[in-house]
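Working notes, beginning with the structure itself.
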Amino acid sequence: MIIAALLMTTVTVMAQHDEDDVTIQPKVGMNVATLSDADKAIVNYHLGVEAEFMITDNFSASLGVVLSNQGAKYNKTDVMPEYDIDLGYVQVPIMASYYVLPGLAIKAGVQPGFKTKAKAKIDGQKVDMDQMYGLYNRVTDEDFKVNPIDLSIPVGISYEYKNIVLDARYNWGVRSVMNVGDSFYNRVFMVSLGYKFQLKD
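Have a look at this one:
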């Protein structure tokens, strides 16, 4: 009887949202980011807010705005010295979530991102990525630029307990970071902690 009572208490404190509920969730977290052709990942941060609407008791749609700092590290080659890439985006994750258990959701969606910065650190000096390849004579095309819009497919899982949400997702970039030349894509693992405020019962 004691075990049953404890189990019932656990279920009641786990978040269980109902159809038509609306919540808003500020969140902050860590990125482990790289690029598809990079040698090493970097650790950085993200912060944002996400609004969620429960379509049914088990299925929801959400829209967010996230400031995400990304990039990667490259080793020295015959052509280039060792350098770091520092990328920043304002991302707009559009997600669908299915709650397999109260508080436990699997999710997937699509995520456009809008570039806020694109820098490279080479030999202790920061340069704009739009100029980097020209500086090292890798290309002569003046249109070799960082794409202003990124696109990725986020998939993940989240767990909510007493309105505190732990979220882990992987963003698989599907649009090349550069608009010409070699194609390479963002690859970012994100872990965030947030708190849900219910706006509508």
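Heads up, the sequence shown is in the numbering used here, so the first residue is 263 and it goes up one at a time. Yeah, the Cβ is synthetic: ideal placement off N, Cα and C, and Gly gets one too. This one's a predicted model, so the numbers in the text were calculated from it and none came from an experiment.
Asked                                                                                                                                                                    : Found
Quick check: what's the CA-CA separation for T318 versus I415?                                                                                                           : 24 Å
Taking 9 Å as the CB-CB cut-off, is N448 touching chain D?                                                                                                               : Included in the structure is just one protein chain, with no chain D present.
Output needed for D280: all residues of its chain with C-beta closer than 7 Å, excluding positions within five of it in sequence on either side, in chain order.         : M316 and D319
I'd like the span of the beta strand (DSSP E) that includes F376, first residue to last.                                                                                 : L366 to I384
For Q287, count the other beta carbons within 10 Å of its own beta carbon; 16 or more makes it buried, fewer makes it exposed. Which is it?                              : buried
To which residues does DSSP link A323 through a beta bridge?                                                                                                             : F315 and A358
Within the same chain, show all residues whose beta-carbon is closer than 8 Å to that of K379, passing over the 5 residues directly before and after it, in chain order. : D348, L349 and G350
So, at 6 Å on beta carbons, what are the nonlocal neighbours of V450 in its own chain, with the 5 sequence-adjacent residues on each side left out?                      : N293, A295, Q332 and N433
Would you decide whether P410 is buried or exposed? Buried here means 16 or more other CB atoms lie within 10 Å of its CB.                                               : exposed
Give the C-beta separation of K458 and E422 to the nearest angstrom, bearing in mind that I take them to be a contact with Cβ-Cβ under 8 Å.                              : 7 Å
So the beta strand (DSSP E) A430 belongs to, where does it begin and stop?                                                                                               : I426 to G435
Who are the near neighbours of D429 in its chain, counting only those whose CB is closer than 6 Å to its CB and skipping five residues on each side?                     : S420 and S454
For my contact list, K289 and E312 are in at a C-beta cut-off of 8 Å; report their separation, rounded to the angstrom.                                                  : 7 Å
Considering only the alpha carbon of each residue, which of L309, D346, V439 and P355 lies closest to Q387?                                                              : D346
Could you check what DSSP says for D412 in three-state terms: helix, strand or coil?                                                                                     : strand
Just how far apart, CA to CA, sit V352 and Y336?                                                                                                                         : 24 Å
Can you name, in chain order, every residue of its own chain whose Cβ lies under 6 Å from the Cβ of G326, other than the five neighbours on each side?                   : G310, E312 and P355
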